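*Asks:* Protein chains in written order, with UniProt numbering: chain A, 1 to 147; chain B, 1 to 147. Pasting in a structure now, in structure tokens, and then I'll have a few things to ask.
2 protein chains.
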Amino acid sequence: MGRKRLLIKRIDNPCSRQIAYSKRGKGILKKATELSTLCGADVGLLMFSPTGRLTSYTHKGRVWSSSVFLLYFRHLDNEETLERKLCELNRKIYEAQEKMRSYSPDVSNIYSIAEAQHHQQFVTKAIQRIEKFKKTKLLEKETSPSL
Amino acid sequence: MGRKRLLIKRIDNPCSRQIAYSKRGKGILKKATELSTLCGADVGLLMFSPTGRLTSYTHKGRVWSSSVFLLYFRHLDNEETLERKLCELNRKIYEAQEKMRSYSPDVSNIYSIAEAQHHQQFVTKAIQRIEKFKKTKLLEKETSPSL
DNA sequence: TCCCCTATCTATAATTC
DNA sequence: TGAATTATAGATAGGGG
Numbered sequence: 001m002g003r004k005r006l007l008i009k010r011i012d013n014p015c016s017r018q019i020a021y022s023k024r025g026k027g028i029l030k031k032a033t034e035l036s037t038l039c040g041a042d043v044g045l046l047m048f049s050p051t052g053r054l055t056s057y058t059h060k061g062r063v064w065s066s067s068v069f070l071l072y073f074r075h076l077d078n079e080e081t082l083e084r085k086l087c088e089l090n091r092k093i094y095e096a097q098e099k100m101r102s103y104s105p106d107v108s109n110i111y112s113i114a115e116a117q118h119h120q121q122f123v124t125k126a127i128q129r130i131e132k133f134k135k136t137k138l139l140e141k142e143t144s145p146s147l
Numbered sequence: 001m002g003r004k005r006l007l008i009k010r011i012d013n014p015c016s017r018q019i020a021y022s023k024r025g026k027g028i029l030k031k032a033t034e035l036s037t038l039c040g041a042d043v044g045l046l047m048f049s050p051t052g053r054l055t056s057y058t059h060k061g062r063v064w065s066s067s068v069f070l071l072y073f074r075h076l077d078n079e080e081t082l083e084r085k086l087c088e089l090n091r092k093i094y095e096a097q098e099k100m101r102s103y104s105p106d107v108s109n110i111y112s113i114a115e116a117q118h119h120q121q122f123v124t125k126a127i128q129r130i131e132k133f134k135k136t137k138l139l140e141k142e143t144s145p146s147l
């Protein structure tokens, strides 16, 4: 769509590339909004320019937009991937569950063991809480070095 | 870009709307791939049709694509928003931290960490005791299966 | 970078099969 | 839905400021 037909391959000239990105980026953004309003479709768009600048579009309306993109922006805010966080948390939960499983073979009828189980859960949670607490405290320390 | 000028507002006729979505969806997809190859930009696109069908495009290349979209697809797999999960986990952590706070009321950072250490040791020993207890009980059960 | 201009190319609305 | 056609609206390459 220009004075010359354009082959779809990487534009070598960095200057032209940036200009093309600017123009086409706007174009897609417009298309996305149009699609969204015309068809009532949920559209999400993320673009990183050659220089790394982010442009995004989200039609605020439905579940997915408030999940994917919200997640993404939080991810940016936290400067730490939520995915990694989530994986870690899930791993911990899994490990904890595995541990628990090994302790409870077939003994639902024996009250003392059930009770032990209860206690074990309690202290497991307690230790997790303590670890979390320690991390938080350490973080507080780091972020306020004057203390 | 058609025989008539189109006002950008929701297309009332469901049939026309679906057709428009189909065409324009493909169009944006093409644009996204073009932008990606022409400019070396990372582009991610998610579209939900009026009927709820998902179309997506991701230029596989950089970090973001493997975070946002991976998250999204996992989210689909789990049939439960990761966001909600995360919120829940964070809530649990928060609650745990709140509980822990009661163990260390008003001490300075260093001491509260030391104290946490102390509590941790305490519950670690506790859990060891419980495990021993349970093993013993289980052993008792195995050796007297008639009960 | 951003805007403007304009020749041209491209996308697509309407239509038919 | 889908594919093809065609007229036309819209996007944009190249160039200038």
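A virtual CB, placed ideally from N, CA and C, is assigned to each residue, including glycine. A quick note: this is a predicted structure, and the numbers were derived from the prediction, not measured.
Give the range of the beta strand (DSSP E) segment to which Gly44/A is assigned.
*Replies:* 42-48
*Asks:* List the residues of chain A that Met1/B touches, going by C-beta distances under 7 Å, in chain order.
*Replies:* Per Cβ cutoff of 7 Å: no residues; Met1/B is ~10 Å from chain A at best.
*Asks:* Which residues of the region 30-59 of chain B have a Cβ closer than 7 Å to any Cβ of chain A? Give them in chain order.
*Replies:* Lys31, Ala32, Glu34, Leu35, Thr37, Leu38, Cys39, Gly40, Ala41, Asp42, Val43, Gly44, Leu45, Leu46, Met47, Phe48, Ser49, Pro50
*Asks:* Out of curiosity, what's the CA-to-CA distance linking Val63/A and Ser56/A?
*Replies:* Confidence in Val63/A is poor, its pLDDT being 38 and thus under 50, which makes the residue's placement unreliable; the coordinate value appears in the next sentence. In a straight line, the C-alpha of Val63/A is about 17 Å away from that of Ser56/A.
*Asks:* On the three-state DSSP scale, how would you describe Thr51/B?
*Replies:* coil
*Asks:* Taking 7 Å as the threshold (beta carbon to beta carbon), is Arg5/A in contact with chain B?
*Replies:* no
*Asks:* With a threshold of 16 other CB atoms inside 10 Å of the CB of Thr58/B, please say whether the residue is buried or exposed.
*Replies:* Flag for Thr58/B reads buried.
*Asks:* Can you say whether Met47/A is buried or exposed, counting buried as having 16 or more other CB atoms within 10 angstroms of its CB?
*Replies:* Label assigned to Met47/A: buried.
*Asks:* Should Cys15/A be labelled buried (16 or more other beta-carbon atoms within 10 Å of its own) or exposed?
*Replies:* exposed
*Asks:* Work out the CA separation of Gly40/A and Leu7/A for me, nearest whole Å.
*Replies:* If I take the Cα positions, the gap works out to 33 Å.
*Asks:* Residues of chain A with CB closer than 8 Å to the CB of Lys26/B, please, in chain order.
*Replies:* By Cβ distance, chain A contributes nothing, its closest Cβ being about 11 Å from Lys26/B, past 8 Å.
*Asks:* Alpha carbon to alpha carbon, how far is Ser36/B from Gln18/B? Give it in angstroms, no decimals.
*Replies:* 27 Å
*Asks:* Determine the extent of the alpha helix (DSSP H) in which Gly27/A is found, giving its start and end residues.
*Replies:* 14-39
*Asks:* In terms of DSSP beta bridges, what is Thr136/B paired with?
*Replies:* Looking at the DSSP assignment, Thr136/B forms no beta bridge with any residue, so it has no partner.
*Asks:* Please classify Leu45/A as buried or exposed, where buried requires at least 16 neighbouring CB atoms within 10 angstroms.
*Replies:* buried
*Asks:* How many whole angstroms separate the CB atoms of Ala32/B and Leu38/A, which I take to be in contact at a CB cut-off of 8 Å?
*Replies:* 18 Å between Cβ atoms; not a contact.
*Asks:* What's the gap between the Cα of Gly25/A and the Cα of Leu139/A?
*Replies:* 40 Å
*Asks:* Can you say whether Lys30/B is buried or exposed, counting buried as having 16 or more other CB atoms within 10 angstroms of its CB?
*Replies:* exposed
*Asks:* Quick check on Leu8/A - is its C-beta less than 7 Å from some C-beta in chain B?
*Replies:* Correcting the residue identity first, residue 8/A is Ile in this sequence and not Leu. Answer yes: the Cβ-Cβ gap between Ile8/A and chain B drops below 7 Å somewhere.
*Asks:* Leaving out the 5 sequence neighbours to the left and right, which residues in its chain are closer than 6 Å to Ser49/A when beta-carbon positions are compared?
*Replies:* Tyr21
*Asks:* Identify, in the order they occur along the chain, each residue of the same chain with its Cβ nearer than 8 Å to the Cβ of Thr51/A, setting aside the five sequence neighbours on each side.
*Replies:* Gln18
*Asks:* Which residue's Cα is closest to the Cα of Gly2/A: Asp12/A, Asn13/A, Lys9/A, Lys23/A?
*Replies:* Out of Asp12/A, Asn13/A, Lys9/A, Lys23/A, Lys23/A has the C-alpha closest to the C-alpha of Gly2/A.
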